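*Asks:* One structure follows; several queries about it will come next.
There are 2 protein chains.
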Amino acid sequence: GRQFAVIGLGQFGMSVVKTLVAEGCDVIAIDIIDEKVKDASEITAHAVVIDATEEKALRMMGISNVDVAIICIGQNVQDSILVALILKEMGINTVIAKALNELHGKVLEKIGVSKVVYPEIDMGVRIARGLISSKIVEQIEISSKHSIVEVLAPISFVGKTLRKIDARVKYGINIIAIKRQYAKVDDQGNIIQKDIFDITPAAEDIIAKDDMLLVFGNNDNIIKLRSLK
Amino acid sequence: GRQFAVIGLGQFGMSVVKTLVAEGCDVIAIDIIDEKVKDASEITAHAVVIDATEEKALRMMGISNVDVAIICIGQNVQDSILVALILKEMGINTVIAKALNELHGKVLEKIGVSKVVYPEIDMGVRIARGLISSKIVEQIEISSKHSIVEVLAPISFVGKTLRKIDARVKYGINIIAIKRQYAKVDDQGNIIQKDIFDITPAAEDIIAKDDMLLVFGNNDNIIKLRSLK
Ligand SMILES: Nc1ncnc2c1ncn2[C@@H]1O[C@H](COP(=O)(O)OP(=O)(O)OP(=O)(O)O)[C@@H](O)[C@H]1O
Ligand SMILES: Nc1ncnc2c1ncn2[C@@H]1O[C@H](COP(=O)(O)OP(=O)(O)OP(=O)(O)O)[C@@H](O)[C@H]1O
Numbered sequence: 001g002r003q004f005a006v007i008g009l010g011q012f013g014m015s016v017v018k019t020l021v022a023e024g025c026d027v028i029a030i031d032i033i034d035e036k037v038k039d040a041s042e043i044t045a046h047a048v049v050i051d052a053t054e055e056k057a058l059r060m061m062g063i064s065n066v067d068v069a070i071i072c073i074g075q076n077v078q079d080s081i082l083v084a085l086i087l088k089e090m091g092i093n094t095v096i097a098k099a100l101n102e103l104h105g106k107v108l109e110k111i112g113v114s115k116v117v118y119p120e121i122d123m124g125v126r127i128a129r130g131l132i133s134s135k136i137v138e139q140i141e142i143s144s145k146h147s148i149v150e151v152l153a154p155i156s157f158v159g160k161t162l163r164k165i166d167a168r169v170k171y172g173i174n175i176i177a178i179k180r181q182y183a184k185v186d187d188q189g190n191i192i193q194k195d196i197f198d199i200t201p202a203a204e205d206i207i208a209k210d211d212m213l214l215v216f217g218n219n220d221n222i223i224k225l226r227s228l229k
Numbered sequence: 230g231r232q233f234a235v236i237g238l239g240q241f242g243m244s245v246v247k248t249l250v251a252e253g254c255d256v257i258a259i260d261i262i263d264e265k266v267k268d269a270s271e272i273t274a275h276a277v278v279i280d281a282t283e284e285k286a287l288r289m290m291g292i293s294n295v296d297v298a299i300i301c302i303g304q305n306v307q308d309s310i311l312v313a314l315i316l317k318e319m320g321i322n323t324v325i326a327k328a329l330n331e332l333h334g335k336v337l338e339k340i341g342v343s344k345v346v347y348p349e350i351d352m353g354v355r356i357a358r359g360l361i362s363s364k365i366v367e368q369i370e371i372s373s374k375h376s377i378v379e380v381l382a383p384i385s386f387v388g389k390t391l392r393k394i395d396a397r398v399k400y401g402i403n404i405i406a407i408k409r410q411y412a413k414v415d416d417q418g419n420i421i422q423k424d425i426f427d428i429t430p431a432a433e434d435i436i437a438k439d440d441m442l443l444v445f446g447n448n449d450n451i452i453k454l455r456s457l458k
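Sequence order for the protein chains is A and B. Residues in the first sequence are numbered consecutively from 1, following the working numbering. Residues in the second sequence are numbered consecutively from 230, following the working numbering.
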């Protein structure tokens with residue numbers, strides 16, 4: 001199985017350790033502060049106090065054998081960069097690091113960090129998108145070539161059963177849910193729009209005008225579907 | 230359209246503002262520091278310098294009319310809590326706030342904040358899960374009741390066509406992809422496992438032993454599927 005090293009046990013680092021351990025992964029947890037390592041030792045057997053900028057100390061811990069290292073040092077940009085350099089020079093396959101700001105992140109990328117994390121910025125984007133999206137889902141990338149995405153039903157589908165549309169054969173996509181809006185009057189006499197979802201629709205279900213289709217398929221087919229009239 | 234207020238323009242707050250504005254939303258951006266408001270004014274027309282703990286100042290800005298307020302004050306826990314209290318008493322429908330730690334978060338929930346965000350902790354979980362998952366997808370919650378998840382093919386499915394299994398009718402789930410492993414010899418003579426994906430599988434496709442099924446459906450049905458033999 002793969003071995004992980006987490007360097008820096010702030011909130012981000014500790015959260016990475018907890019999640020990896022909860023999934024049964026082998027994790028070495030490192031911090032320069034005793035207290036943090038003590039807390040981590042309640043979660044993983046391998047928790048050590050090390051200044052990660054000291055290459056000898058890292059090697060003695062067998063860090064050069066891990067498959068993935070996650071650097072979670074935030075405020076001390078210099079240490080974060082130095083540790084990244086050391087780990088890449090040691091030949092560790094995958095090094096992931098959080099960055100304090102974009103300049104920090106750019107330097108980490110130049111060193112060979114494969115993924116730079118900006119927790120505050122990334123979560124800001126996610127929270128904002130979650131607020132805007134009244135869709136079931138905006139777009140989820142399942143792999144680099146396939147997605148799940150909501151698409152307005154093409155006019156040519158309206159009035160037809162799913163069986164007749166034969167989406168899988170004709171368009172290479174799978175319609176996994178249909179969202180339809182209907183108007184409802186609330187207890188103050190206001191008209192409000194409500195959504196109904198037809199999940200795993202039946203072959204006999206008929207598409208109506210303005211239905212939103214939750215669709216799964218490869219990205220090229222999704223693009224073609226969107227340009228259908 | 231809905232109106233948003235973002236209070237506190239650190240990295241998290243600024244990211245929320247940028248994302249909302251990029252999606253065409255109406256955003257009031259507030260901070261006590263001139264410089265931050267000046268940066269925000271390049272993104273949104275409504276950017277004001279206010280101490281958000283001063284209710285009168287908030288009311289003069291028309292904050293009581295927004296539908297959603299996002300409090301992005303991090304270090305100053307007292308201010309964050311006071312602002313949350315003021316906004317809920319003003320009757321703002323949805324108040325979201327980031328929290329410095331779990332105690333801070335619990336207090337915010339008691340006040341009526343509908344969603345508490347822990348950027349460092351939440352991103353730690355996401356990054357760790359992304360590292361572990363060699364599956365197409367671990368589990369994606371589509372709504373509070375439906376998910377997309379990878380499931381080992383039950384023995385009773387093996388050797389049958391999808392048509393015969395009739396998953397949608399019999400089990401209320403939609404098999405949207407099949408992942409199968411096969412052994413391949415690399416150029417050094419090592420045997421390596423490779424995955425092949427059958428996306429939007431045909432009705433005549435036959436399930437093999439150890440196939441992983443990417444399944445969409447409601448959570449109860451997914452649980453039942455998992456316990457099938
Ligand atoms: N050279 C180092 N070697 C090992 N650990 C280090 C080193 N420098 C910093 N750390 C540790 O990294 C951890 C996280 O760093 P810091 O608290 O600066 O980041 P942060 O971004 O504020 O953390 P959080 O993840 O809570 O947001 C700290 O526990 C710190 O002791
Ligand atoms: N009473 C207040 N009224 C308005 N703005 C405030 C108030 N108190 C703090 N702020 C602002 O909130 C912003 C974010 O706060 P702070 O920098 O403490 O949080 P942070 O968690 O470190 O930010 P980040 O989102 O970058 O992680 C700051 O720009 C600060 O000026």
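Beta carbons: idealized from backbone N, C-alpha and C, even for Gly. Note that the coordinates shown come from a computational prediction; the quantities given were computed from them, not determined experimentally.
(1) Would you say A/Lys229 reaches chain B, if we count a Cβ-Cβ gap shorter than 8 Å as a contact?
(2) Could you check whether the Cβ of A/Ile176 sits closer than 8 Å to any Cβ belonging to chain B?
(3) Let me see if you follow: with CB-CB separation under 8 Å, is A/Lys135 close to chain B or not?
(4) Kindly indicate if chain B contains any beta-carbon less than 8 Å away from that of A/Gly112.
(5) With 7 Å as the limit, tell me which residues of the stretch 117 to 131 of chain A have their beta carbon closer than that to any beta carbon of chain B; keep them in chain order.
(6) With distances taken between CB atoms, is the gap from A/Ala97 to A/Ile127 smaller than 8 Å?
(7) Cα separation between A/Ile207 and A/Arg180?
(8) So, helix, strand or coil for B/Val398, using DSSP?
(9) Using three-state DSSP, classify B/Ile177 as helix, strand or coil.
(10) What residues in the stretch 381 to 412 of chain B bring their beta carbon closer than 7 Å to a beta carbon of chain A?
(11) For B/Leu202, write down the residues that DSSP places opposite it in a beta bridge.
(12) Ordered along the chain, which non-local residues of its own chain (more than five positions away) have a Cβ less than 6 Å from that of A/Ala5?
(13) Near B/His375, what residues of its chain come up, given a Cβ to Cβ distance below 6 Å and the 5 sequence neighbours on each side ignored?
(14) For the stretch 43 to 56 of chain A, which residues have a CB atom closer than 8 Å to at least one CB atom of chain B, in sequence order?
(15) If I follow the unbroken beta strand (DSSP E) through A/Val68, where does it start and stop?
(16) Inspect the beta-carbon positions of B/Val306 and B/Lys317 and report whether they are closer than 8 Å.
(17) Looking at the unbroken beta strand (DSSP E) that takes in B/Ile325, where does it start and where does it end?
(18) Just to check, is the beta-carbon of A/Phe12 closer than 7 Å to a non-hydrogen atom of ligand 2?
(19) Closer than 8 Å is the cut-off here; do at least three beta carbon pairs connect the stretch 162 to 176 of chain A with the stretch 199 to 215 of chain A?
(20) Give a single yes or no on whether B/Glu271 has its beta carbon closer than 7 Å to a heavy atom of ligand 2.
(21) Alpha carbon to alpha carbon, how far is A/Asn231 from A/Leu228?
(22) Hey, would you say B/Leu238 sits closer than 8 Å to B/Val246, going by beta carbons?
(23) Going along chain B in order, which residues have a C-beta closer than 7 Å to the C-beta of A/His146?
(24) Once DSSP output is grouped into helix, strand and coil, what is the label at B/Lys374?
(25) Measure from the alpha carbon of B/Ser244 to the alpha carbon of each residue in B/Ile262, B/Lys453, B/Thr273, B/Arg455, then state which is nearest.
(26) Mind pulling the chain A residues with CB within less than 7 Å of B/Glu252?
(27) Since I believe B/Ile340 is in contact with B/Gly314 (beta carbons under 8 Å), could you give me their beta-carbon distance rounded to a whole number of angstroms?
(28) Taking the alpha carbon of A/Met123 as the point to measure from, which residue in B/Ala431, B/Gln240, B/Ser309, B/Ile262 has its own alpha carbon closest?
(29) At 8 Å on the CB atoms, spell out the chain B contacts of A/Val68, in chain order.
(30) Can you tell me whether B/Thr248 is buried or exposed? The criterion is at least 16 other CB atoms within 10 Å of its CB, across all chains shown.
(31) Please list the terminal residues of the continuous beta strand (DSSP E) segment that includes A/Phe4.
(32) Can you check whether the CB of A/Leu100 is closer than 8 Å to the CB of A/Gln75?
(33) How is the alpha helix (DSSP H) around B/Ala269 delimited, first residue to last?
(34) Residues in its own chain within less than 7 Å of A/Pro119 by CB, not counting five upstream and five downstream?
(35) Within its chain, find whatever has a CB closer than 6 Å to the CB of B/Ser363; leave out the 5 residues flanking it on each side and keep chain order.
(36) Rounded to whole angstroms, how far is the Cβ of B/Arg397 from the Cβ of A/Thr161, which I believe are closer than 8 Å?
*Replies:* For this structure:
(1) If you number the first sequence from 1, residue 229 of chain A lands on position 229. Under the 8 Å criterion on CB atoms, A/Lys229 is classed as non-interfacial with respect to chain B.
(2) Start at 1 with the first residue of the first sequence, and residue 176 of chain A comes out as number 176. Residue contact check for A/Ile176 against chain B: a CB pair falls below 8 Å.
(3) Mapped onto the first sequence, residue 135 of chain A falls at position 135. The predicted model places A/Lys135 with a pLDDT of 49, which falls under 50 and marks its position as unreliable; any figure quoted below should be read in that light. Answer no: the Cβ-Cβ gap between A/Lys135 and chain B never drops below 8 Å.
(4) Indexing the first sequence from 1 puts residue 112 of chain A at position 112. A/Gly112 does not count as touching chain B.
(5) Listed in sequence order: Val117, Pro119, Glu120, Ile121, Asp122, Met123, Gly124, Val125, Ile127, Ala128, Arg129, Leu131.
(6) Position 97 of the first sequence, counted from the first residue, corresponds to residue 97 of chain A. Position 127 of the first sequence, counted from the first residue, corresponds to residue 127 of chain A. Against a cut-off of 8 Å, the Cβ pair of A/Ile127 and A/Ala97 comes out as no contact.
(7) In the first sequence, the residue the question calls residue 207 of chain A occupies position 207. In the first sequence, the residue the question calls residue 180 of chain A occupies position 180. Approximately 9 Å between the Cα atoms of the pair.
(8) Here residue 398 of chain B is taken as the residue at index 169 of the second sequence, counted from 1. The DSSP-derived three-state label of B/Val398 is helix.
(9) Only positions 230 to 458 of chain B appear in the structure, and residue 177 of chain B is not among them; the question remains open.
(10) Residues are counted here when their Cβ sits less than 7 Å from a Cβ of chain A; for the stretch 381 to 412 of chain B these are Arg397, Gly401, Ile402, Asn403, Ile405, given in chain order.
(11) The shown model of chain B, from 230 to 458, leaves out residue 202 of chain B, and the question about it has no answer.
(12) The residue you call residue 5 of chain A lines up with position 5 of the first sequence. Sequence-distant Cβ neighbours of A/Ala5 in its own chain, meaning closer than 6 Å and more than five residues away, are Ile28, Ile63, Val66, Ala69.
(13) The sequence position of residue 375 of chain B within the second sequence is 146, counting from 1. Excluding five sequence positions before and after B/His375, the CB atoms of its chain that fall closer than 6 Å to its own CB belong to Asn447, given in chain order.
(14) Answer in chain order: no residues at all.
(15) The residue labelled residue 68 of chain A in the question sits at position 68 within the first sequence. Counting along the chain, the beta strand (DSSP E) containing A/Val68 begins and ends at 68 to 71.
(16) Looking up residue 306 of chain B in the second sequence gives position 77. Looking up residue 317 of chain B in the second sequence gives position 88. Cβ distance not < 8 Å, so B/Val306 and B/Lys317 don't count as in contact.
(17) Start at 1 with the first residue of the second sequence, and residue 325 of chain B comes out as number 96. For B/Ile325, the enclosing beta strand (DSSP E) starts and ends at 323 to 327.
(18) In the first sequence, residue 12 of chain A corresponds to position 12, counting from 1. Every heavy atom of ligand 2 is 7 Å or more from the Cβ of A/Phe12, so no.
(19) Touching, yes, given that three or more Cβ pairs across the two stretches are closer than 8 Å.
(20) By one-based count along the second sequence, residue 271 of chain B stands at place 42. With a cut-off of 7 Å, the C-beta of B/Glu271 is classified as distant from ligand 2, since no heavy atom of the ligand falls inside that distance.
(21) This structure cannot settle anything about residue 231 of chain A, because the visible part of chain A is limited to 1 through 229.
(22) Residue mapping note: residue 238 of chain B aligns to position 9 of the second sequence, counting from 1. Residue mapping note: residue 246 of chain B aligns to position 17 of the second sequence, counting from 1. Here B/Leu238 is near B/Val246, since their CB atoms are less than 8 Å apart.
(23) As a working note, residue 146 of chain A is residue 146 in the first sequence. Those within 7 Å of A/His146 in chain B are Ile428.
(24) To locate residue 374 of chain B, count along the second sequence from 1; it is residue 145. Coil, per DSSP.
(25) For the purposes of this step, residue 244 of chain B is taken as the residue at position 15 of the second sequence. Considering only alpha carbons, the answer is B/Thr273.
(26) Taking the first residue of the second sequence as position 1, residue 252 of chain B is located at position 23. Simply Ile132.
(27) Residue mapping note: residue 314 of chain B aligns to position 85 of the second sequence, counting from 1. Residue mapping note: residue 340 of chain B aligns to position 111 of the second sequence, counting from 1. This sequence places Leu at residue 314 of chain B; Gly is not what is there. Their Cβ separation, rounded to whole angstroms, is 6 Å, which keeps B/Leu314 and B/Ile340 in contact under 8 Å.
(28) Position 123 of the first sequence, counting from 1, holds the residue named residue 123 of chain A. Each of B/Ala431, B/Gln240, B/Ser309, B/Ile262 was checked against the Cα of A/Met123, and the nearest Cα belongs to B/Gln240.
(29) On the first sequence, residue 68 of chain A is found 68 positions in, with the first residue counted as 1. Correct list: Leu360.
(30) Counting from 1 along the second sequence, the entry for residue 248 of chain B is found at position 19. Burial call: buried.
(31) Numbered from 1 along the first sequence, position 4 holds the residue referred to as residue 4 of chain A. Per DSSP, the continuous beta strand (DSSP E) segment holding A/Phe4 begins and ends at 3 to 7.
(32) Translated into the one-based positions of the first sequence, residue 75 of chain A becomes position 75. Translated into the one-based positions of the first sequence, residue 100 of chain A becomes position 100. Against a cut-off of 8 Å, the Cβ pair of A/Leu100 and A/Gln75 comes out as a contact.
(33) Within the second sequence, numbered from 1, the residue matching residue 269 of chain B stands at position 40. It spans 263 to 269 - the alpha helix (DSSP H) in which B/Ala269 sits, taken as one unbroken run.
(34) Locating residue 119 of chain A in the first sequence gives position 119, where the first residue counts as 1. So the qualifying residues of the chain are Phe12, Lys98.
(35) Counting from one through the second sequence, the residue named residue 363 of chain B turns up at place 134. In this prediction, B/Ser363 has a pLDDT of 49, which is less than 50 and means its spatial position is unreliable; what the coordinates show is noted afterwards. Here the set comprises nothing.
(36) On the second sequence, residue 397 of chain B is found 168 positions in, with the first residue counted as 1. On the first sequence, residue 161 of chain A is found 161 positions in, with the first residue counted as 1. Rounded to the nearest angstrom, the Cβ distance from B/Arg397 to A/Thr161 is 14 Å, too far for a contact under 8 Å.
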